[in-house]
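UniProt numbering puts the first residue of the sequence shown at 1, with every later residue one more than the last.
Here a beta-carbon is modelled for each residue, glycine too, at the ideal position from N, C-alpha and C.
Notes for the one structure printed next.
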Amino acid sequence: MAFLSWPQVVSQVNGHLGTDYQLLGRLGGGRQGGAWTVIDGAAGSRPVVRVLTWTSHPGLVARRAQTARIVRDLRRRGYPTPCWHHWGTLASGVTFVIADLAPGHTGTWDTMPVEDLIAAVELQAGAAGPSEGSWSDYLSWALTAPDGPRADLAALGATSDPLLRRIEDTARLLSRTMVPSGDAVHGDLTLDNILIDHTHTRTGQPPRIAIIDVGACGPGTRALDYAWLYRDATTHDARPAAERLQSAGRGVAGDHVWQLCLALACLEVAAFVARHGNGEDAAAELTTQEAVLSHATTHP
Numbered sequence: 001m002a003f004l005s006w007p008q009v010v011s012q013v014n015g016h017l018g019t020d021y022q023l024l025g026r027l028g029g030g031r032q033g034g035a036w037t038v039i040d041g042a043a044g045s046r047p048v049v050r051v052l053t054w055t056s057h058p059g060l061v062a063r064r065a066q067t068a069r070i071v072r073d074l075r076r077r078g079y080p081t082p083c084w085h086h087w088g089t090l091a092s093g094v095t096f097v098i099a100d101l102a103p104g105h106t107g108t109w110d111t112m113p114v115e116d117l118i119a120a121v122e123l124q125a126g127a128a129g130p131s132e133g134s135w136s137d138y139l140s141w142a143l144t145a146p147d148g149p150r151a152d153l154a155a156l157g158a159t160s161d162p163l164l165r166r167i168e169d170t171a172r173l174l175s176r177t178m179v180p181s182g183d184a185v186h187g188d189l190t191l192d193n194i195l196i197d198h199t200h201t202r203t204g205q206p207p208r209i210a211i212i213d214v215g216a217c218g219p220g221t222r223a224l225d226y227a228w229l230y231r232d233a234t235t236h237d238a239r240p241a242a243e244r245l246q247s248a249g250r251g252v253a254g255d256h257v258w259q260l261c262l263a264l265a266c267l268e269v270a271a272f273v274a275r276h277g278n279g280e281d282a283a284a285e286l287t288t289q290e291a292v293l294s295h296a297t298t299h300p
């Protein structure tokens, strides 16, 4: 299908909602094309419009409805993510969300209030109901399916063997491990999707975090989010943060679940670079992710 331009997306959103949003500027990041700030011609507010999916596949639309419910429930618990004011699917198939613009900037692991981040992830415990598909189901498929992300690594040849062997060894734990699926899982929780707002530090208050880009949020085990965070902290050589995150991740459902989650986190990023990067980038990423898994094994 042909992708819409952002002016076309906003025009269709206005027709769908009866609103008068006007494009202002693009925000950085986002694998689905980023997000744009808009101004509401009636209220004068400046929310964010983000495309969640570019297709109206029924399964994806149902998943987004589930995500909207989970985000609403998480916010009721005090989870620090912007409010979703509107979401829907346009006639063109685009699924969109209109959310508040969160204050703050992407920080570093040196400035990250790690305990506040852990407290936020703990609010995800038990926040998702039963589902036909979950991040835990995806984990089982991705770590074992020959046509899944492992195939992206295998296509690189012998250079991927060390990482693939580690992943295959870890995947054997699935035969004797039940991976929980009742938590909410962000799905891409890395430094890029955490904003730090230092506005209130002038009055002696601590910085505040906002977790953004929650469009992939769904049921699973929150140990997955700890694994993505641990991987991110380890690759940035933020050892104190990594150790604290690993401890929290192991505490969710035990060491076997933690190992499986970390294997998926490393497989995902290596496969992504294998698909979209050049050979040199892919080889470097393989080495990095194999080192992350090795470090977690030797520094429990």
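DSSP places Trp36 inside the beta strand (DSSP E), whose first and last residues are 35 to 40. Straight-line spacing of the CA atoms in Tyr230 and Glu243 works out to 8 Å. According to the DSSP assignment, His85 belongs to the beta strand (DSSP E) that extends over 84 to 89. Distance between Val292 and Val114, taken at the CA atoms: about 19 Å. With a beta-carbon spacing of about 6 Å, Gln22 and Val38 fall inside the 8 Å limit used to define contacts.
No Cβ-Cβ contact shorter than 7 Å links Trp135 with Gly251. If you check the CB distance, Ser92 and Leu286 do not come in under 7 Å. Straight-line measurement puts the Cα of Leu101 at about 19 Å from the Cα of Leu17. The C-beta distance from Pro207 to Ile196 rounds to 5 Å, short enough to meet the 8 Å contact threshold. Secondary structure at Tyr21: strand, using DSSP grouped into helix, strand and coil. Thr81 places its beta carbon less than 7 Å from that of Ile211. Taking His85 as the centre and dropping the five residues before and after it, the same chain places the C-beta of Pro47, Ile98, Ala99 closer than 7 Å to its C-beta, in chain order. In the structure shown, Arg208 adopts extended strand secondary structure according to DSSP, grouped into three states.
At least 7 Å separates the beta-carbon of Leu52 from that of Arg63.
Gly220 has Asp183 as its beta-bridge partners, per DSSP. DSSP, reduced to helix, strand and coil, places Val48 within a strand of the structure shown. Bounds of the beta strand (DSSP E) holding Val97 are 95 to 99. At a Cβ-Cβ threshold of 7 Å, Asp152 and Ala271 count as neighbours. Distance from the CA of Gly204 to the CA of Glu280, rounded to the nearest whole angstrom, comes to 47 Å. Judged by DSSP secondary structure, Asp152 falls within the alpha helix (DSSP H) whose first and last residues are 149 to 154.
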